[in-house]
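Asker:
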Amino acid sequence: MAGAVTENMSTKKLCIVGRILLISQVIAFLVGGLMGNCALYVIKCINVQKPHHQTKWLMPWGPSQCEKIQDLDEEMSRPIDIGDIVFAVHFPLPNREMSSWLQFMIVTMQLDIVFKMDNAISKSLTNYPHAA
1 MAGAVTENMS TKKLCIVGRI LLISQVIAFL VGGLMGNCAL YVIKCINVQK
51 PHHQTKWLMP WGPSQCEKIQ DLDEEMSRPI DIGDIVFAVH FPLPNREMSS
101 WLQFMIVTMQ LDIVFKMDNA ISKSLTNYPH AA
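If you use the UniProt record's numbering, the sequence shown corresponds to residues 1 to 132, in order.
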């Protein structure tokens, strides 16, 4: 039956209906993009504090920001251990807004892994307490 409606409409009326649907879809997209919460970003930080298990929070933004890593390839020149890299997320957002859709949000974390064929495991990594 749905095909009968489009077959009976003239081309002009069908184009008008298509334009109305397209415009309403663009408006709905703009309303969702402009009024929705901004995205949550996971920041890669370096924990320079030794030992690692102290009560210092690593904040991704604000006055006491952590030391951020943009790319792991740049940080390979520094002597950092596996326990020095921390993924920091601050929630709620800076303007203190909590979404009513929080229970339906999905967070995807993309891990940057540096791989080398001749990467030897050092003694500091084999003695790391969380390594199995």
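Just so you know, even glycine gets a beta-carbon here, dropped at the ideal spot from N, CA and C.
Suppose contacts are defined by Cβ-Cβ distances below 9 angstroms. Is Cys66 in contact with Ile43 by that definition?
Answerer: Cβ distance < 9 angstroms, so Cys66 and Ile43 count as in contact.
Asker: From Gly18 to Gly32, what distance separates their C-alpha atoms?
Answerer: Going by the C-alpha atoms only, they are around 21 angstroms apart.
Asker: How big is the Cα-Cα spacing for Met9 and Ile20?
Answerer: Cα-Cα distance, rounded: 15 angstroms.
Asker: Under a three-way DSSP split, which group does Met59 fall into?
Answerer: Strand.
Asker: Please check the pair Ile27 and Ile80, which I expect to be a contact at CB under 8 angstroms, by giving their CB distance rounded to whole angstroms.
Answerer: Between Ile80 and Ile27 the Cβ distance is about 48 angstroms, and since that is not below 8 angstroms, they are no contact.
Asker: Span of the beta strand (DSSP E) holding Ile46?
Answerer: Residues 43 to 46.
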